[in-house]
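Engineer:
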Amino acid sequence: MKSAPVDCSVWPPRYDARYVPPPEQEHWFPDIECAPPRDRDALIFRKLSGQVRYAWERSPFYRRKWQEAGVSPGTLKTLDDLSKFPVVQKSELREAQERCPPFGDNLCIQPTEIARVHGTSGTTGKPTVFGVGRDDWERIGEAHARIMWGAGIRPRDRIMICSFFSLYVGSWGALKGGERLGATVFPFGAGVSGQTLMAVQWALDLEPTAFYGTPSYALHLAETARREGVDPRSLGFRMLFFSGEPGAGIPATKQLIEETFGGACVDMGTMAEMMPWMSNAECRHRTGMHLWQDVVYTQVCDPHTCAPLPAGSEGMPVYTHLERTSQPMIRLVSGDLTRWTDDPCPCGRTYPRLPNGIYGRIDDMFIVRGENIYPGAIEDTLRAIDGFGGEFRVIITRREAMDELLVRAEHARGVDTADAQERLKKTMRERLRARLGVHPIVELVPEGTIPRTEFKARRVLDDRDLYRTFVR
Ligand SMILES: [Zn+2]
């Protein structure tokens with residue numbers, strides 16, 4: 000008798016590790032991915048109930064938190080009841096770690112059962128440590144393989160992974176998914192001096208068909224290739240998938256990547272804490288990231304009250320694991336901003352979607368003269384302008400008690416006469432003004448002047464605090 004590829008009658012679900020659909024099949028689990036949402040919600044509810052009960056029994060962190068909030072597994076009678084559970088802030092995870100080092104009291108397995116230790120880099124505070132159990136790691140592979148299948152990757156593909164192999168989970172997650180799917184994986188890495196140039200040569204020799212990294216790095220790789228006289232299209236990537244930055248979901252950046260490489264640009268990614276982090280991911284039709292709700296359950300919420308918002312709303316994703324035994328996250332606040340829709344997608348999946356991706360972080364938003372501004376909006380505007388040289392920085396200063404927005408942007412090679420540069424500056428000023436509602440000062444510098452990043456680009460410098468320090 001043929002066994003089912005997944006058994007959801009138990010928690011956590013049991014996957015058949017040998018299952019791979021025939022290559023021509025669009026969906027990995029068509030019965031789940033294309034189910035009427037109401038039917039799938041029943042499955043999600045079963046998984047969620049198992050997850051919540053498990054966390055209640057195993058994690059002092061959740062038991063304490065939920066008791067304080069007056070909820071328990073018995074509170075969860077329908078999927079909507081999840082909203083009665085308090086959200087988890089990242090700062091609480093750090094506190095849990097300090098209280099109970101190194102993993103925190105949200106760890107639900109014995110430390111000896113941890114198969115992998117990962118973490119965040121700690122650029123915005125103390126690093127966070129993650130312990131991932133062996134079974135969880137296998138389930139992460141199952142989820143990623145299925146979602147990468149949805150993005151169009153098949154066992155015949157060769158995936159070049161051009162990002163850090165370190166505590167950063169992005170690269171490892173792509174590697175694990177690629178291996179489970181049966182593709183050839185090529186963990187090239189990034190970050191070593193001279194490595195980008197080597198990446199060009201290796202890509203020419205190895206002929207990978209898929210690329211994983213950050214959008215900034217892909218564009219950096221393309222520039223490096225061109226400097227060597229290599230057309231990035233000749234590297235042969237028929238699809239490129241991304242996480243770590245919002246770029247792949249920004250329309251102009253997406254278009255630029257697709258034109259540059261001649262391959263499909265697929266946006267993915269939630270948060271490091273939320274492995275499998277691909278539970279937000281576009282399908283091969285690239286209509287915005289699907290929320291793969293039976294992998295990780297995502298509510299788009301009001302950023303202040305954390306109450307779920309209806310389709311069409313802008314809000315903040317709040318994530319809940321459904322099959323995580325090591326460090327489950329139940330209602331983890333992302334701090335990101337997005338808009339969600341339940342409009343259909345040509346792929347036939349009935350998952351909700353984020354048609355504009357994740358376009359900002361609530362923290363990244365800055366206010367200039369009363370206007371809310373997201374770095375992504377500046378990037379989108381500049382990349383759509385002919386003559387833009389590829390990189391930019393935003394500097395916010397305060398002069399005579401007025402905020403000023405300075406955009407330092409590169410002009411492309413060839414935009415070299417004073418006239419042409421003046422015209423380009425004017426176009427940039429006008430389009431940024433129309434998009435942002437603020438008059439920016441535009442300063443042009445030659446292409447290649449602003450440092451490229453091999454990882455996540457930080458493009459905004461807010462000088463106003465400096466101003467406050469010096470001008471009293
Ligand atoms: Zn789709």
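Sequential numbering from 0 applies to the sequence shown in numbering that gives the first Met the number 0. The C-beta atom is built at its ideal place from N, Cα and C for all residues, glycine as well.
From residue 402 to residue 433, what does the alpha carbon distance come to, in whole angstroms?
Structural biologist: 18 Å
Engineer: Per DSSP, which residues does residue 118 bridge with? Please list them.
Structural biologist: 128
Engineer: Taking the straight line between their C-alpha atoms, what separation do you get for residue 362 and residue 3?
Structural biologist: Straight-line measurement puts the Cα of residue 3 at about 44 Å from the Cα of residue 362.
Engineer: Can you give the beta carbon distance from residue 182 to residue 156, rounded, assuming they're within the 8 Å contact cut?
Structural biologist: So it is a contact: roughly 5 Å between Cβ atoms.
Engineer: For a test of the three-state rule: what should DSSP assign to residue 354, helix, strand or coil?
Structural biologist: coil
Engineer: Using DSSP with H/G/I as helix, E/B as strand and the rest coil, what is residue 260?
Structural biologist: helix
Engineer: Helix, strand or coil for residue 396? Go by DSSP, reduced to three states.
Structural biologist: strand
Engineer: Please go through the segment 209-279 and give each complete alpha helix (DSSP H) segment of 4 or more residues, from N-terminal end onward.
Structural biologist: 214-226, 250-260
Engineer: What do you reckon, are the CB atoms on residue 270 and residue 192 nearer than 8 Å?
Structural biologist: No.
Engineer: Which residues end up in the neighbourhood of ligand 1 when you take C-beta atoms closer than 6 Å to any of its heavy atoms?
Structural biologist: 282, 284, 286, 289, 344, 346, 348
Engineer: With a threshold of 16 other CB atoms inside 10 Å of the CB of residue 289, please say whether the residue is buried or exposed.
Structural biologist: Burial call: buried.
Engineer: Would you identify the three-state DSSP class for residue 413, choosing helix, strand or coil?
Structural biologist: coil
Engineer: Going by beta-carbon coordinates alone, are residue 128 and residue 114 separated by less than 8 Å?
Structural biologist: no
Engineer: CB of residue 361 to nearest heavy atom of ligand 3: below 7 Å?
Structural biologist: In terms of ligand content, the structure shown lacks ligand 3 and carries ligand 1 instead.
Engineer: I need the straight-line Cα distance from residue 145 to residue 265, nearest angstrom please.
Structural biologist: The alpha-carbon atoms of residue 145 and residue 265 are separated by roughly 15 Å.
Engineer: Hey, quick one: how far does the alpha helix (DSSP H) through residue 313 stretch, first residue to last?
Structural biologist: For residue 313, there is no enclosing alpha helix (DSSP H); the enclosing beta strand (DSSP E) covers residues 313-320.
Engineer: Does the segment 372-386 come within contact of the segment 318-325, defined as at least 3 CB pairs closer than 8 Å?
Structural biologist: no
Engineer: Can you tell me whether residue 349 is buried or exposed? The criterion is at least 16 other CB atoms within 10 Å of its CB, across all chains shown.
Structural biologist: buried
Engineer: For residue 259, which residues in the same chain have their Cβ closer than 6 Å to its Cβ, ignoring the five residues on either side in sequence?
Structural biologist: Hits under 6 Å: 221, 231.
Engineer: Relative to the C-alpha of residue 94, which residue among 154, 119, 104 is closest?
Structural biologist: Residue 104 holds the alpha-carbon nearest to the alpha-carbon of residue 94 among 154, 119, 104.
Engineer: Are the segment 47-67 and the segment 357-374 touching, with three or more C-beta to C-beta distances below 8 Å?
Structural biologist: no
Engineer: Use the C-beta contact count for residue 458: other C-beta atoms within 10 angstroms, 16 or more gives buried, fewer gives exposed.
Structural biologist: Buried.
Engineer: Using a Cβ-Cβ cutoff of less than 6 Å, which residues in the same chain neighbour residue 84 once the five nearest sequence positions on both sides are dropped?
Structural biologist: 70, 330
Engineer: Alpha carbons only, please: which of 435, 416, 339 is nearest the one belonging to residue 313?
Structural biologist: 339
Engineer: Give every residue of the same chain whose Cβ lies closer than 6 Å to the Cβ of residue 138, excluding the five residues on either side of it in the sequence, and list them in chain order.
Structural biologist: 322
Engineer: Is the Cβ-Cβ distance between residue 368 and residue 392 less than 8 Å?
Structural biologist: no
Engineer: Cα separation between residue 352 and residue 28?
Structural biologist: 18 Å
Engineer: Quick one: give me the first and last residue of the alpha helix (DSSP H) that residue 168 is part of.
Structural biologist: 168-180
Engineer: Residue 143 lies in the alpha helix (DSSP H); which residues open and close that run?
Structural biologist: 133-149
Engineer: Can you list, in chain order, the residues of its chain with a C-beta nearer than 6 Å to that of residue 354? Leave out the 5 residues immediately preceding and following it.
Structural biologist: 287, 340
Engineer: Could you tell me which residues DSSP puts in a beta bridge with residue 430?
Structural biologist: None; residue 430 has no bridge partner.
Engineer: Find the nearest neighbour of residue 15 within the set 152, 141, 242, judged by alpha-carbon distance.
Structural biologist: 141
Engineer: Roughly how many whole angstroms lie between the Cα atoms of residue 208 and residue 215?
Structural biologist: 19 Å
Engineer: Is it true that the CB of residue 54 sits closer than 8 Å to the CB of residue 99?
Structural biologist: no
Engineer: Would you list, in sequence order, the uninterrupted alpha helix (DSSP H) runs of no fewer than 4 residues that lie entirely inside the segment 20-61?
Structural biologist: 29-32, 36-57
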